[in-house]
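Quick notes on the structure that follows.
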Amino acid sequence: MATLSAVPKRFKLIFFVPPSGLPACKAAIFAAGAGRYPGPGNYTECCWATTGTAQFRPGDTANPNIGTVGALEEVQEVRFETLCVGEETIRNAVAALKKQV
């Protein structure tokens with residue numbers, strides 16, 4: 030019987046990305062080991078994605094990539110969620126994701 034310390038920790042990685050950037054982000058994190066569900070069947074590339082509208086207003090000292098200072102902006106974004114089993118996997122997935130920015 031396995032002890033609790035022998036069971037790898039599970040983490041949920043959640044991020045928001047423009048729809049055009051999603052394929053590259055998915056490829057990067059899946060290559061890093063994210064989205065794998067251990068057990069019977071050994072599922073890979075498991076995720077949840079949903080599209081929504083993000084809203085923000087850049088402040089006076091902002092240097093926005095999208096929109097203009099003081100103006101309310103709405104953009105389409107994808108909320109993406111996936112499972113990472115083990116601390117090394119979550120670290121590798123986050124590092125891979127940061128390279129996509």
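The sequence shown begins at 30 in the working numbering and counts up one residue at a time.
Quick reminder that beta carbons are idealized off the backbone N, C-alpha and C, glycines included.
Residues near residue i in its chain [Cβ-Cβ closer than 7 Å; skip 5 each side]
{"i": "E74", "result": "F59, G64"}
{"i": "N121", "result": "A61, G62"}
Closest by C-alpha distance to residue i, when choosing among the options
{"i": "G68", "options": "V130, P37, T90", "result": "P37"}
{"i": "A78", "options": "K55, G96, V107, A35", "result": "V107"}
{"i": "K128", "options": "K41, A35, F40, K55", "result": "K55"}
{"i": "S49", "options": "T80, F40, Y72", "result": "T80"}
Buried or exposed (CB count within 10 angstroms, at least 16 for buried), residue i
{"i": "L112", "result": "buried"}
Own chain residues within Cβ distance below 6 Å of residue i, not counting five before or after
{"i": "F44", "result": "F109"}
Strand pairing of residue i, partner residues [DSSP]
{"i": "K41", "result": "L112"}
{"i": "G81", "result": "E106"}
{"i": "V46", "result": "V107"}
Neighbourhood of residue i by C-beta distance below 8 Å, restricted to the same chain and skipping five residues each side
{"i": "P47", "result": "V104, Q105, E106, V107"}
I'd like to know if the region 98-106 and the region 78-86 are in contact, where contact means that at least 3 CB-CB pairs between them fall below 8 Å. yes
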